[in-house]
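Enquirer: Got a structure for you, written out below as C-alpha cells; questions coming shortly.
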Amino acid sequence: MSPEAINTRYFLVTRENPDYFQEIISHSSVSTSNFKPNRKTRFIIHGFVNTAERGWQMEMCQVMLEVEDVNCFCIDWRGGSFTLYTQAANNIRVVGAELASFIGYLSKNYDYSPSMIHIIGHSLGAHVAGEAGKRVPGIARISGLDPAGPLFQNTPPEVRLDPTDADFVDAIHTDTSPLIPKIGLGMAQSVGHLDFFPNGGQTMPGCGSNIITRLLDIEELWGGADNYLACNHLRSYKYYTESIRTPDAFVAFPSDTYEAFMKGTGFPCPSTGCPLMGYYAGFYGRGTLSGLPLYLNTGDVSPYARWRYKVTVKTSGILSFMGDMKVTLHRLKRNSKEIASGFTKLGGTYSAFIDSKNYAGSLTNLSYNWIKSLIDLIPGTVGADTVTVQYGRDGQTYQFCGKEQVRDNVLQNLTPCDSL
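Just so we're aligned, residue 193 is where the sequence shown starts under my numbering, counting upward by one.
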C-alpha cells in the first residue's frame, strides 16, 4: 500500500497535554507542538487491526508521564493495519520508513540524537520499530511487546525485529503457541538482548485457552474488545504498562525452560542481578544474561505483578500424616500458601516456590498449620521446627523457629530464630 493510503499519523502527549493528543499534521508542525528537544522521546506503535485512539497507547503515555517527563508519541497506522494480515505485514516496511524519516527530521532540525529515543511496538508494531531501527543507527532502545509471529517467526533478521535494530532491544512474549492449531499470534523466537517469557510465554493466567472460544470471539477484536480474542497476545502491553508504576516488580529469572524455572532454576538471582520485565529492563541492559530466556509468573487479573519466594519447612511432631501443609507470611496480607500436599513424613523438610501478589519486605512473623485428610483419622500434633523464607531478587533469607506442635487446622505462630 502507498504511504497516502496507510496515512501514518503522530499523536503527541506530554505533561503539558496529558489528557489529549496533539496531532503532528506535518513535520513542520512539530514547532507549534509541546515537543521539547531536551526531553527523551517514546514512540508507541499499535499492531494489526488497531488504532492509536483505542485507548491502550494513550494510557501507556499517561502512566509514563507520571514517572518521567518525556515526549510520548502514539503512532497510528490504521490505514495499513485494517486490511488482510498479509498486506498489513508488508505495510510495516512503509510505516517503519516513515518513522525513520520523522526521526531524521527531528535530528536535522532540532539536533535531536537517536540516543534519546525509545520505540515501543506491539505485535506488528514491534516489527515496525525494527524497520525504523534498521534505518536509523543509534536508537537507544526498542521494546517489542509480543512481536507478531505469523510471517516473521524464523525469518532472517532483515525482515523482523532483531537485537541489531537498537543499542538495547527487549521483548515480552505472551502468545507463543503455534498459529496452527492453537492460534498463537506471537513468536517464540528470541528477538532481543533480553527476551521475557511470563508464565512460560504461551497461556497467560486469566486468558481462556479454548480454541473454539477464540474463534467465536474474532469479531470482538475488530470491535476493540481486546479482552476476548487475543487475550494472551494483548497481555504484553498490559504487563508493560503496569511495570511503569512498579519499579521493583516483574523480576525475571534465567532458565533454559519454563519447567526448569518452576522447579527453581535461576533462583535466587545471580550475583549480577536479574532483569526486570517491562519499562525498567533498560536498567539491566544487555548484561551477562543476554540471549538467555527469562521467566516469571504473573497474576490472572490486574495488578499482575508477583514477587517470588522460596519457603522451606522442617517439621516436628509425633506422627506423619496425609494432608496439606501451609505457611502464612503475615506481611503478605495473611495469604496462606500451600507448601506440601499428600503424605508428610515426621521430621521431613519440604520446600515450595510461591508467587505473592505483595512484596513481603522485612518479615517479622509467620504462622504454620497442617490439615489432615479425611482418610487419616489418627489424632496427634505436628509443628514446624523452622521455616526459612528466601526472596528471589536479592537472596535475602529470613529464618523462623517454633517451639510447639499443634493439632490439625490450628495455627502455630513462629518468630525469628535470633529472637529466641
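All C-beta atoms, glycine included, are put in the ideal place defined by N, C-alpha and C.
Is there a C-beta anywhere in chain B that falls below 8 Å from the one on residue 472?
Expert: Annotation note: the requested chain B is absent from the structure, which comprises a single protein chain.
Enquirer: Could you check if residue 280 is buried or exposed, using at least 16 other CB atoms within 10 Å of its CB as the buried criterion?
Expert: buried
Enquirer: Would you check if the distance between the CB atom of residue 227 and the CB atom of residue 263 is smaller than 8 Å?
Expert: yes
Enquirer: Do you know how far the Cα of residue 211 is from the Cα of residue 449?
Expert: 42 Å
Enquirer: Find the nearest neighbour of residue 436 within the set 398, 260, 327, judged by alpha-carbon distance.
Expert: 260
Enquirer: Would a C-beta distance cut-off of 8 Å place residue 332 and residue 306 closer than the cut-off?
Expert: yes
Enquirer: I'd like to know if the segment 485-496 and the segment 533-544 are in contact, where contact means that at least 3 CB-CB pairs between them fall below 8 Å.
Expert: no
Enquirer: Have a look at residue 256 and residue 203 and give me their C-alpha separation to the nearest angstrom.
Expert: Approximately 15 Å between the Cα atoms of the pair.
Enquirer: Is there contact here, the segment 465-478 with the segment 283-292, by at least three beta-carbon pairs under 8 Å?
Expert: no
Enquirer: When the Cα atoms are used, what is the spatial distance from residue 632 to residue 503?
Expert: Any answer about residue 632 is impossible in this case: the structure gives the chain only from 193 up to 612.
Enquirer: For residue 432 and residue 236, I'd like the C-alpha separation in whole angstroms.
Expert: 12 Å
Enquirer: Does the beta-carbon of residue 258 have 16 or more other beta-carbons within 10 angstroms, so that it is buried, or is it exposed?
Expert: exposed
Enquirer: Between which residues of its own chain and residue 393 is the CB-CB distance below 6 Å, once the five residues before and five after are set aside?
Expert: 365, 368
Enquirer: When burial is assigned at 16 or more other CB atoms within 10 Å of the CB, is residue 616 buried or exposed?
Expert: The question about residue 616 has no answer, for the chain in this structure spans 193 to 612.
Enquirer: Out of 585, 230, 271, 360, state which residue places its alpha-carbon closest to the alpha-carbon of residue 386.
Expert: 360
Enquirer: List the whole-angstrom C-beta distance separating residue 322 from residue 353, where the pair is believed to meet the contact cut-off of C-beta under 8 Å.
Expert: 4 Å
Enquirer: For residue 587, which residues from the same chain have a beta carbon less than 8 Å from its beta carbon, with the 5 sequence-adjacent residues on both sides left out?
Expert: Excluding positions up to five away in sequence, the list reads 460, 461.
Enquirer: Mind checking residue 244: buried by the 16 CB within 10 Å criterion, or exposed?
Expert: By the neighbour-count rule (16 or more Cβ atoms within 10 Å), residue 244 is buried.
Enquirer: Would you mind reading off the limits of the alpha helix (DSSP H) that contains residue 195?
Expert: Counted as a single uninterrupted DSSP element, the alpha helix (DSSP H) harbouring residue 195 occupies residues 195-198.
Enquirer: Would you kindly work out how many angstroms separate the C-alpha atoms of residue 458 and residue 500, rounded to a whole number?
Expert: 12 Å
Enquirer: With 16 other CB atoms within 10 Å as the buried threshold, where does residue 475 fall?
Expert: exposed
Enquirer: Go through its chain and collect everything with a Cβ distance to residue 544's Cβ below 6 Å, but skip five positions before and after it.
Expert: 503, 531
Enquirer: Could you tell me the alpha carbon to alpha carbon distance between residue 313 and residue 216, rounded to whole angstroms?
Expert: 19 Å
Enquirer: DSSP state of residue 610, grouped into three classes?
Expert: helix
Enquirer: Can you tell me whether residue 459 is helix, strand or coil according to DSSP?
Expert: coil
Enquirer: Based on the DSSP secondary-structure assignment, which residues constitute the bridge partners of residue 613?
Expert: Shown here, the chain extends from 193 to 612; a query on residue 613 therefore has no answer.
Enquirer: Based on the DSSP output, what are the partners of residue 281 in its beta bridges?
Expert: Paired residue(s): none; residue 281 is not in a bridge.
Enquirer: Residue 430 bridges to which residues according to DSSP?
Expert: BP columns for residue 430 are empty, so no partner.
Enquirer: Have a look at the DSSP bridge pairing and note the partners of residue 537.
Expert: DSSP output for residue 537 lists no bridge partner at all.
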